[in-house]
């Protein structure tokens, strides 16, 4: 049977969900029964799945749905208990003391407190707890759910005390022959290889997830702010990045030093301990305070049946303290940790005597089980009872009202989950014989058997993964996170996604020729993608929406969370390809460029467009506008003029720079290191030509008159190229020549001093780059025993440092030289994109010079010709970066700027 037809049939249940739930915005209680029916028909009618397997999977899905509903009920009950006790009102006032800014509140509650809960419990619990708390603080219900779902990404791989790695990845890899080959090639025991995968997962999450708080607040203001603008969210960039860093640094350190059990837990705990005091002191807070519109102006779909939970319900004649109000959440966190990290307690709660189980349902080999005492819902229920006594709720039947309201809400949510989870279970268990279908696929690959001849041996998700692998080939690592995300979308769990696909991922890595390190990185990308996929998992969205009473709007939530999920998949894939490829490569430039493009075009708001369309349309418009500016202002001719002037200015510029850096490093060391750094950018032949030009320019002079004359000549020569660059930039900005206000001589001196300032910045940037390289390599030698793959990390850190230095340098050029008033916020995006373009640009120029060898036709002057071509190509990139800067500035003129 044709593999393409099999893949198309496997897509039918997913397409049903996408069309009816997401695109047509049907309520989940209507869309999911339809999707379940499609999955059953495909499984029985096309896939050949046995009826008893479909029935067993459906029963298992119903039991799983009841487990989820138990968690949802506990979360709703706790919320209403706190509302009736008056604790919600106290918590609201406490947050106003920390910061009334909704962006800050979302970061603290969703990002950090949610990560802490994820580290302790996992399995959707953070959204079930954080979303009601945000609603209680005054957030629109949909804003609360979207924020809570977005953070279901970075912490997830280490949720529930590391279950996705320790159980998920381990179950997928353990005992497999391909794993044994990779472990043997790595020269480490299997346990250490698994720990290395965990550390790589933490590294990838840290580099991608550090931006999640910024994206979350951008989404918050774009979709729920009065101005519908990403800009308001980006104004909190200092605090958002601060919160991201203080989470991911301990997160990665714990993964590297202690293993996969505690990164999310300790990252959230340490982050809260740092961020809350910092917020109280006003550190990194935005200058303006963001709040939602008055409630009467909220869109109806934002509001839920539990929205009134944000209002106090108790007479405050007996006010609670902040500690009393927060104590229920503290109890939840403590009980979750204790029941997960103390083995005797865990074993008691999961014992057979307290486990409800239906083994071998209908003879399918599927066991449906529930451990109600171990579920987070039980802890939430117990905490609610403790709160009844702790807050002395013995009057007016308030606690009974909380139970009644929670009961009514859970009945409404049940209809969607009762069909959503069985649909997933049928999809996953669609293999007709119940055997290890992944092993069957690998056997076929090992023996050269076409996958199409397997004739429905594999389950639907496995065949979808095979279809992606067949299409991508050597580019597989780029798409590995997407397969992990697909598994999480279907299963609602990173753990189950890793169990399904880890072996498939490592087998595919071996098939495309990756070694032990590359294979472990592909498995790590699987785990990272599985974590990011949790943002759009249907039954997690249904559960989180149910906790705040937002029923029938699940499709709208998924439409929004698809945006950060897409960021996570793309960024992780590009980063993974960069690390596997090694060194400074086009994939690394692509990753950095993607980050820059995403942030730049969040800044360039466009009314009437939302989400992915905004990014796509803005990208196209800005690139087209930059190309138009680049063309109409004769960039090819201007680049030629710049190359000519640069050739004559290069020697004095390098002499000035070498002299400046020589004060710190010594003249000979400065020259050798600068030439070595130039060689990495322009190649050995052009770098040697530059070195020879500098050597020929040095003429010993005696007396002060020749010395002064030489310095003046070198200053004029060094700044001549910047005078031409100034004219080119003025042309791009359409700045007409104005007569000098203070005389031509003063204007000339001013321009030369500005150009000399650029020369100084160039020297300073080289010095910073050289020093950072020395420091990073020293750290690498010190940390080589405990830092995994430190050579890879240090290479990426060196490249990142170089990129940042180049960004500042180009931004300074774009801000200082043209005769137009620009702020740093106007030029930094363009400077970053120019620096990113330089990375693939230099590789393309190197390839051109290697293939065409243009210098060979010029004999002794060949190296000079090569240098001239390098300068010309670099000038073209700089001018296009300037055109991008203007295009971005023009696109964003309707909106306020980032803060300076």
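In the numbering used here, the protein residues as written are 148 to 1047.
Just so you know, even glycine gets a beta-carbon here, dropped at the ideal spot from N, CA and C.
In this text the structure is predicted, and so the values were computed from the model without any measurement.
Item, Value
"Under 7 angstroms between C-beta atoms of residue 610 and residue 154", "yes"
"Per-residue burial, residue 436 [other beta carbons within 10 Å of its own, 16 or more giving buried]", "exposed"
"Cutoff 8 angstroms; reference residue 502; Cβ partners in own chain excluding five residues on either side", "516, 517 and 518"
"Within 7 angstroms, strictly: CB atoms of residue 694 and residue 235", "no"
"For residue 700 and residue 174, the rounded distance between their alpha carbons", "6 angstroms"
"Secondary structure of residue 587, DSSP reduced to three states", "Annotation note: pLDDT 46 at residue 587 (below 50); position unreliable, no value reported."
"Contiguous alpha helix (DSSP H) assignments of at least 4 residues, all confined to the stretch 478-547", "490-496 and 523-537"
"Contacting residues, own chain, Cβ-Cβ under 8 angstroms from residue 983 (five flanking each side not counted)", "736, 739, 740, 743 and 950"
"Simplified DSSP state of residue 443, which is helix, strand or coil", "helix"
"Selection from 323, 790, 544 and 201 that minimises the alpha carbon distance to residue 1021", "790"
"Rounded straight-line distance, which links the Cα of residue 945 to that of residue 709", "32 angstroms"
"Cβ pair count under 8 angstroms reaching 3, the stretch 417-425 against the stretch 321-331", "no"
"Given 8 angstroms, three or more beta-carbon pairs between the stretch 285-301 and the stretch 360-369", "yes"
"Cutoff 8 angstroms; reference residue 549; Cβ partners in own chain excluding five residues on either side", "224, 227, 228, 230, 231 and 531"
"Beta-carbon contacts of residue 714 that lie in its chain and below 7 angstroms, excluding the five residues immediately before and after", "362 and 745"
"Residue 278 - DSSP class collapsed to helix/strand/coil", "helix"
"Distance, residue 980 Cα to residue 954 Cα", "8 angstroms"
"Euclidean distance between Cα positions of residue 538 and residue 255", "25 angstroms"
"Endpoints, the alpha helix (DSSP H) within which residue 244 is located", "234-245"
"Touch test, the stretch 651-660 against the stretch 607-621, Cβ-Cβ under 8 angstroms, three pairs minimum", "yes"
"Residue 287 beta carbon less than 7 angstroms from that of residue 262", "no"
"Exposed unless 16 or more other CB atoms sit within 10 angstroms - verdict on residue 167", "buried"
"Boundaries of the alpha helix (DSSP H) in which residue 346 is found, first to last residue", "337-356"
"Span of the alpha helix (DSSP H), counted from its first residue to its last, around residue 263", "261-267"
"DSSP state of residue 697 mapped onto helix, strand, coil", "coil"
"Collapsed DSSP secondary structure at residue 327 in the structure displayed", "helix"
"Counted within 10 angstroms of its Cβ, other Cβ atoms place residue 646 as buried (16 or more) or exposed", "buried"
"Residue 561 versus residue 679 - alpha carbon distance", "25 angstroms"
"Where residue 188 falls, given that 16 or more other Cβ within 10 Å makes a residue buried", "exposed"
"Environment of residue 785 [buried if 16+ CB atoms lie within 10 Å]", "buried"
"Identity of the residue in 426, 316, 310 and 628 nearest residue 241 by Cα", "426"
"Inter-residue spacing [alpha-carbon to alpha-carbon] between residue 588 and residue 605", "With a pLDDT of 42 at residue 588, under the threshold of 50, the modelled position of this residue cannot be trusted, and the question is left open."
"Backbone secondary structure at residue 780 - three-state DSSP", "coil"
"Endpoints, alpha helix (DSSP H) assigned at residue 610", "607-619"
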